[in-house]
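Asker: In the working numbering, the protein residues as written are 512 to 594.
After the structure tokens below, expect a handful of questions from me.
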Amino acid sequence: MSLKSRLAADETLFTAWSGVPDALTVEIVAKQGFDAVTLDMQHGGHHEDSVLRGLVPVLATGKPALVRIPVGRFDMASRALDF
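Set out below in structure tokens:
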């Protein structure tokens, strides 16, 4: 079931929060029992390159990856969607 459909069904979901811009750390987090992984560019250390590298291990687990962009950086939202 997709993240969108699970949220629409009012299911409670738990997402891991990654502020460490390291693909190996993201991979370890993604393999835990969370429903999704959030890569934090706003208050965490993630940047465009680390998000791109971090998406691979998250998606390899079959879990959705979310990207929290800095406030007012709509250009980054567009860029994150391109990844």
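The beta carbon of each residue, even a glycine, is placed where N, CA and C say it ideally should be.
Exposed or buried, which one is Pro581 when buried takes at least 16 other CB atoms within 10 Å?
Answerer: Walking along the sequence shown from the start, residue 581 turns up at place 70. Result: exposed.
Asker: Which runs of the alpha helix (DSSP H), 4 residues or longer, sit entirely within the stretch 536 to 586?
Answerer: 559 to 571
Asker: Please classify Ala527: does DSSP put it in a helix, a strand, or coil?
Answerer: Position 16 of the sequence shown, counting from 1, holds the residue named residue 527. Looking at Ala527 - three-state DSSP - the assignment turns out to be strand.
Asker: From this set, Glu522, Ala520, Asp521 and Val537, which residue's C-alpha is nearest Trp528's C-alpha?
Answerer: Counting from one through the sequence shown, the residue named residue 528 turns up at place 17. Considering only alpha carbons, the answer is Val537.
Asker: The alpha helix (DSSP H) with Ala520 in it runs from where to where?
Answerer: Within the sequence shown, residue 520 is the residue found at index 9, counting from 1. Counting along the chain, Ala520 falls outside any alpha helix (DSSP H), and DSSP gives it neither H nor E.
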